[in-house]
Amino acid sequence: MNPHSDTLSPAGGRNALRMERRLAHPPAKVWAAITRPEHLAQWFPSEVTLELRPGGAMGFHFPGDEGPGMTGEVTDADEPRLFAFSWGDDHLRWEITPDGPDGRGSLLTLVHTFGDRFGAPSFAAGWQLCISALGQFLDGGEAEVSRDAGELHEAYLEQFDLGHGQVTDDGIRFERQLVRSADAVWAELCADEIPLEGDTAPDGFLADGVSAGPVTALRAPASLTYAVHPKGEVRWEFGEGTGYGTRLVLTQTGPFDSPAATDEALAAWHARIERLAGQLLEG
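Under the numbering used here, residues 70 to 352 are what the sequence shown spells out, in order.
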């Protein structure tokens, strides 16, 4: 689904998404397409106002959103080589170099630096679709930023290896961006069952090898907690996501009898969450 060698790497306590695309147009034409607001309007994910100079103010406003929108600042403006700016807490660096045997094409490199590691698949999928629309615009066609039904997001999540859980001081933890809303995920997990405090958790909230006890806390569709045998609990939480649907945080507290038991729990929950992700794509 994603043939590109895009990368995600640590960057000073943050994360850097790097994407390279070859465009059959000279740097001057690409520069205009990524710096002129009327051109950005054809492919960029928001409306943009800017002062094209280092230190210049930028504004970002999504059509239909109320309020003043987000702000940023131009950090680099070296025509036709480098355009970089902050966007809220994020930083985007667009570098253009001549490409091809005659130098008439361009290699466009985007480095997006941000804090939310688990939002990386959403960012990557979004930029892939936007840069595809940029290519259409440069080619003289009608640029259209298409929507991802979730397959591209999931391909990037696998490519960046973001689906695995981690061992914590008191158990295990998974964090994963899902491609549907909390309401849709909750309905998928519940199926035809209605969870109630004191009852056993619905099967959708279980993983292989987990001996579920009663639901101890419930706030549909935001969270569900249940006891596990012999001691501990599992908690599903659904919060605000990045770009797509809801963000899942799943924890299971121990104690686990051995490192092997911890590994088995990690594998069981990884399989359960991946199965859920696949079901959401089908829904």
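Ideal placement from N, C-alpha and C gives every residue a C-beta, glycine not left out.
Of the residues the options, the one placed nearest residue i, counting alpha carbons only
| i | options | result |
| --- | --- | --- |
| G232 | F325, A291 and A224 | A224 |
| D134 | G141, A110 and S115 | S115 |
| L335 | G278, P123 and E306 | G278 |
| G273 | L287, L265 and A256 | A256 |
| W305 | G323, D326 and A270 | A270 |
| A253 | H73, F307 and K300 | F307 |
| L247 | V318, T294 and P149 | V318 |
| G157 | P167, G169 and G138 | G138 |
| D239 | S327, E262, Q348 and K98 | S327 |
| H73 | P95, Q197 and Q205 | Q197 |
| H94 | D168, L77 and T76 | D168 |
| G82 | E120, D75 and R186 | R186 |
| E262 | R344, P96 and A289 | A289 |
Unbroken alpha helix (DSSP H) run spanning residue i, endpoints
| i | result |
| --- | --- |
| W156 | It is not in any alpha helix (DSSP H) - W156 instead sits in the beta strand (DSSP E) that spans L151 to W156. |
| H339 | P328 to E351 |
| G195 | A189 to L207 |
| P96 | P96 to T104 |
Sub-8 angstroms separation of residue i and residue j beta-carbons
| i | j | result |
| --- | --- | --- |
| Q291 | P283 | Inspection of the sequence shows that residue 291 is occupied by Ala rather than by Gln. Contact: no. |
| E213 | A202 | yes |
| I200 | W100 | no |
| I241 | T320 | yes |
| D159 | A153 | no |
| A194 | D217 | yes |
| P132 | V117 | no |
| E148 | M127 | no |
| F92 | L177 | Residue identity check: residue 92 is Leu in the sequence provided, not Phe. Taking 8 angstroms as the Cβ cut-off, L92 and L177 qualify as a contacting pair. |
| T104 | L121 | yes |
| A337 | A276 | yes |
Cβ-based burial, residue i [other Cβ within 10 Å; buried from 16]
| i | result |
| --- | --- |
| Q235 | exposed |
| R173 | exposed |
| M70 | Note that M70 has pLDDT 49, beneath the 50 cutoff, so the model's placement of it is unreliable and no number is given. |
| R245 | buried |
| H181 | buried |
| N84 | buried |
| P299 | exposed |
| T237 | exposed |
| L265 | exposed |
| L207 | buried |
| S191 | buried |
| E96 | In the sequence under discussion, the amino acid at residue 96 is Pro, which differs from the Glu named in the question. Buried, because 16 or more other Cβ atoms sit within 10 Å of the Cβ of P96. |
Span of the beta strand (DSSP E), counted from its first residue to its last, around residue i
| i | result |
| --- | --- |
| V180 | G174 to F183 |
| V318 | T315 to T322 |
| G141 | M139 to D147 |
| A93 | Neither: A93 is in no beta strand (DSSP E) and is coded neither H nor E. |
| L77 | T76 to A80 |
| E116 | E116 to L119 |
(request) Please list the segments of the alpha helix (DSSP H) lying wholly inside the stretch 220 to 303, counting only runs of 4 or more residues, in order along the chain. (result) 220 to 228 and 251 to 259
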